Every structure is written in structure tokens, then in C-alpha cells.
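In the numbering used here, the protein residues as written are 544 to 609.
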């Protein structure tokens, strides 16, 4: 996995997915929203899941190869 990204900028870690519809609760616009399929999308998670998983994947792959 030589092309596994392990460094992320602050902007990348704070990026939000594009949403099709905002989340509104009780008339108040909340963080996050809904994608085109209607699934909820948490705010500022566009790159966070890959950023969190990348070191684990690299570590796991390294241990299995040993």
C-alpha cells in the first residue's frame, strides 16, 4: 500500500461532504445534512474516516507481512 495517504491538511480534515439537503430540526439548521440518497452525512467527515483508518491499515498490513 505505497500510495496510502498518511498526511492530511487541516482543510482536508475539516472538509464536509456536499449535501443535497440540510438537516433542520425544530426550525433550526443543524450541522451535517443529507446526501442525494437521503442518507445522513456528518459534518467535517469527508476525509476523516480515511485519515483515521490509514494508520491502522498500514500497521495491520505491516504486522501481517511479518
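Glycine is no exception: its CB is placed at the ideal position from the N, C-alpha and C atoms.
Please read these numbers as outputs of a predicted model, since none were measured by experiment.
query: Quick one: Cα of residue 573 to Cα of residue 547, how far?
result: Here residue 573 refers to the residue found at position 30 when the chain shown is read from its first residue. Here residue 547 refers to the residue found at position 4 when the chain shown is read from its first residue. In this structure, the straight-line span from the alpha carbon of residue 573 to that of residue 547 is close to 33 angstroms.
query: Can you tell which of 598, 593, 589 and 596 has its C-alpha closest to the C-alpha of residue 562?
result: Counting from one through the chain shown, the residue named residue 562 turns up at place 19. Nearest option by C-alpha distance: 589.
- prompt: What residue does the alpha helix (DSSP H) around residue 556 start on, and which one ends it?
  reply: Start at 1 with the first residue of the chain shown, and residue 556 comes out as number 13. First-last of the alpha helix (DSSP H) with residue 556: 553 to 556.
field: Straight-line Cα distance separating residue 585 from residue 549
entry: For this step, residue 549 is matched to residue 6 along the chain shown. For this step, residue 585 is matched to residue 42 along the chain shown. Their backbone Cα atoms lie some 22 angstroms apart in a straight line.
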